[in-house]
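Data block below; observations after.
In UniProt numbering, the protein residues as written are 1 to 411.
See the structure below:
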């Protein structure tokens, strides 16, 4: 019996069944048997795919993230990052992500300036909600991004932009400031300024129920304080496409993954082995095939189409990209002789021989009744990335490993 990758192969027919309805979009292959799923089947299927994606439940953003929200700075950056990763053929899921499995963006919630406009030193403070940071994730990098317009005040000056983490103390004390990064630029420069705030990540992970406070200062070469707004640094009042945000890169910490609900075991149905005392003809080399079908017309082990449609699942209110992806699965016969294109292991070649051929002189060594056929299974898997909103409207890019079958073989 051919083995298919779990749990995606179990979803195959159900996903094909979803093709019978829904809004227009990418469709599953025509070869899929199609029928409509009942409400309970659909819920079970959605729950199963959410578990595969590592999500405890369906995210429900506070407001439907319609197309009008996409011009915001954080979603635009994350969409560009997703496209860069999706267009990268690196089998580890994209060199742009480095070692990260998960990228989260956080939108500036609150912005503070000194109470008195002429008070020095000038600064601007930003706050970000970190409650959605998942457990069991280690920060590999974190960046604060703020857009700078050209500034004529001060004219042709070198500006030093410093970033500090704000750590609140007791109510009767000033907050502590921890230095994070310093960048130097010219007052006439324009574009996104990126400040490294990775050093604050240890405190984030220890205080997930608190927000992140960041304070920004601007100084000239001679130490004169400059108002960040006059230096051209934009805040919450800027156009949506130029508002400041934080982007954080995570990698799953070593250890046991999230527990999945146990499945009921299904008995293995073993096909009665065919007995024969005949070896392959001398002119028929083991592993040679005339076509993709075996000697009895059965299809040999190969990759088949399996399309997972987020659109048909009704998830495009929180999934930004993609609308679906081809997961594929492996199916077919692994009977002797095994062709070289079937990527069979040496053990699978021996197993398929033992399960189909009994030689009189070796009957005491070979027990076909006890040896199943070799199984058709993935030999190469790759990652896929999904870009989506969480329940707090943060934009998340998650790389899921081993989600796409690249090649099949006999094992």
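All C-beta atoms, glycine included, are put in the ideal place defined by N, C-alpha and C.
Counting every other CB atom within 10 Å of its CB across the protein chains shown gives residue 84 a total below 16, marking it as exposed. Between the region 211 to 221 and the region 69 to 82 there are fewer than three C-beta pairs closer than 8 Å, too few to call the two in contact. For residue 38 and residue 408, the gap between their C-alpha atoms comes out near 33 Å. Nearest Cα to residue 183 within the set 334, 251, 160, 222: 160. Within the region 109 to 197, the runs of beta strand (DSSP E) at least 3 residues long that lie entirely inside it are, in chain order, 110 to 112, 124 to 129, 137 to 148, 158 to 167, 176 to 186, 191 to 196. The region 201 to 236 contains, as complete beta strand (DSSP E) runs of 3+ residues, the segments 211 to 220 (chain order).
DSSP places residue 55 outside both helix and strand once states are collapsed to three, so it counts as coil. Residue 206 and residue 133 have their alpha carbons spaced roughly 11 Å apart.
Straight-line spacing of the CA atoms in residue 299 and residue 382 works out to 25 Å. The residue among 232, 144, 240 with its C-alpha nearest the C-alpha of residue 71 is 240.
Residue 306 counts as buried, since at least 16 other C-beta atoms from the protein chains shown sit within 10 angstroms of its C-beta. Put simply, the region 142 to 149 touches the region 222 to 234. At least three CB pairs are less than 8 Å apart. Around the beta carbon of residue 315, a 10 Å sphere encloses 16 or more other beta carbons of the protein chains shown; the residue is thus reported as buried. Taking 8 Å as the cut-off, the beta carbon of residue 165 is found closer than this to the beta carbon of residue 178. DSSP places residue 392 outside both helix and strand once states are collapsed to three, so it counts as coil. The shortest CA-to-CA distance from residue 196 to any of 210, 41, 144 is the one to 144. A check of alpha carbon separations from residue 99 across 328, 238, 403, 249 identifies 249 as the nearest. At the C-beta level, residue 400 and residue 384 come within 8 Å of one another. Taken through DSSP and simplified to helix, strand or coil, residue 245 comes out as strand.
Excluding sequence positions up to five before and after residue 163, its CB lies within less than 7 Å of the CB of 144, 180, 181, 195, 197, 214, 216, all in the same chain and listed in chain order.
Between residue 102 and residue 398 the beta-carbon gap is near 5 Å, inside 8 Å, which marks them as a contact. Look at residue 250 here: in three-state DSSP terms it is strand. About 13 Å separates the Cβ atoms of residue 321 and residue 308, ruling out a contact at the 8 Å cut-off.
If you look at residue 83, you'll find it in the alpha helix (DSSP H) that goes 73 to 86.
Here residue 155 has 187 as same chain residues with Cβ atoms under 7 Å from its own Cβ, once five neighbours each way along the sequence are excluded.
Residue nearest to residue 124 within the set 106, 185, 244 is 244 (criterion: CA-CA distance). Taking all protein chains in view, the Cβ of residue 175 is surrounded by fewer than 16 other Cβ atoms within 10 Å, so the residue is classified as exposed. Secondary structure at residue 377: strand, using DSSP grouped into helix, strand and coil. A straight-line Cα-Cα distance of about 43 Å links residue 157 and residue 252.
Rounded to whole angstroms, residue 62 and residue 319 show a C-alpha spacing of 14 Å. Linking residue 329 to residue 403 through their CA atoms gives a straight-line distance of about 10 Å.
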